[in-house]
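Asker: Protein chains in written order, with the working numbering: chain A, 498 to 611; chain B, -16 to 96. Glycine residues also receive a C-beta, built at the ideal position from the N, C-alpha and C atoms.
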């Protein structure tokens, strides 16, 4: 079982460039999430989705957009990258409200904006 | 809003010894879940242990156990017989019955041989 797969694993962007991070899960989970991890700040929620075609803002949504066109995929977009978006990005999924077992995480994407 | 606080940015333990990582949280809810995640240098987030708030008994998983004090809103992780492979970043996390996972700042644990 692949679980949650993130692509790419590493990326360097120039300020102002755009890119899309792809998250794919094969567990038929309803809920998917995008977090960013920064030193001393833990993981902070960017956006999340509670089902195909739905998205919602998390704690730090500015500068990011997301789409959930298919249940298994959750895309995170940066339209105009800024150095402040240098971070490690994690995608996660869960089966939903009744899921008490935490989330399944991808292996992360390290993004550097220069 | 719920918050999770880990006040120890770094901790160190001698191999085979016991170490306790602290976590406090703030919530007005009565039904929730608490987790400890381990993040080794590989970056993978690994679930270590979970605790349901309605259970009074502290959760244990082999060498890992928690001290859950609901009234004090405290959720510490005890690692017994520490091993070199336990060296990692540890995150405490909170989730309400319907809500999202909220993380603490993390504690970097080093294990000395």
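Between the region 11 to 19 of chain B and the region 30 to 43 of chain B, can you find at least three pairs of beta-carbon atoms closer than 8 Å?
Answerer: Enough Cβ pairs lie closer than 8 Å, so yes.
Asker: Is the number of C-beta pairs between the region 562 to 575 of chain A and the region 510 to 524 of chain A that are closer than 8 Å three or more?
Answerer: As far as the Cβ criterion goes, the region 562 to 575 of chain A touches the region 510 to 524 of chain A, which means the pair count is three or higher.
Asker: Hey, residue 598 of chain A and residue 33 of chain B are a contact pair by Cβ (cut 8 Å); roughly how many whole angstroms apart?
Answerer: Right, the Cβ-Cβ distance comes to about 7 Å (below 8 Å), so this counts as a contact.
Asker: Near residue 550 of chain A, which residues of its chain fall below 8 Å by C-beta distance, leaving aside the five closest residues on each side in sequence?
Answerer: For residue 550 of chain A, where only same-chain residues beyond five positions count, the Cβ hits under 8 Å are 565, 566.
Asker: Is there a C-beta anywhere in chain B that falls below 8 Å from the one on residue 598 of chain A?
Answerer: So yes, residue 598 of chain A belongs to the interface.
Asker: Alpha carbon to alpha carbon, how far is residue 539 of chain A from residue 92 of chain B? Give it in angstroms, no decimals.
Answerer: Whole-angstrom Cα-Cα distance: 15 Å.
Asker: Figure out for me which residue from B:18, B:-4, B:56, B:4 has the closest Cα to the Cα of residue 86 of chain B.
Answerer: Selected option, being the one with the closest Cα: B:18.
Asker: Report the CB separation of residue 71 of chain B from residue 21 of chain B in whole angstroms; it is logged as a contact under 8 Å.
Answerer: Indeed they touch by this definition, with Cβ atoms about 5 Å apart.
Asker: Beta carbons nearer than 9 Å to chain A: which residues of the region 27 to 38 of chain B have them?
Answerer: Within the region 27 to 38 of chain B, the qualifying residues are 27, 28, 29, 30, 33, 35.
Asker: Taking one C-beta from the region 50 to 68 of chain B and one from the region -9 to 3 of chain B each time, how about it: are there three or more such pairs within less than 8 Å?
Answerer: Counting Cβ pairs under 8 Å, three or more are found: they touch.
Asker: Using a Cβ cut-off of 9 Å, which residues of the region 83 to 95 of chain B contact any Cβ in chain A, in chain order?
Answerer: The region 83 to 95 of chain B vs chain A, Cβ under 9 Å: 83, 84, 85, 86, 87, 88, 89.
Asker: If we define contact as Cβ-Cβ less than 8 Å, is residue 604 of chain A a contact residue for chain B?
Answerer: So, interface residue.
Asker: Taking 8 Å as the limit between beta carbons, can you name the residues of its chain near residue -9 of chain B, skipping five residues before and five after?
Answerer: Answer for residue -9 of chain B: 4, 5, 90, listed in chain order.
Asker: Rounded to the nearest angstrom, what separates residue 510 of chain A and residue 610 of chain A at their Cα positions?
Answerer: Rounded to the nearest angstrom, the two C-alpha atoms are 5 Å apart.
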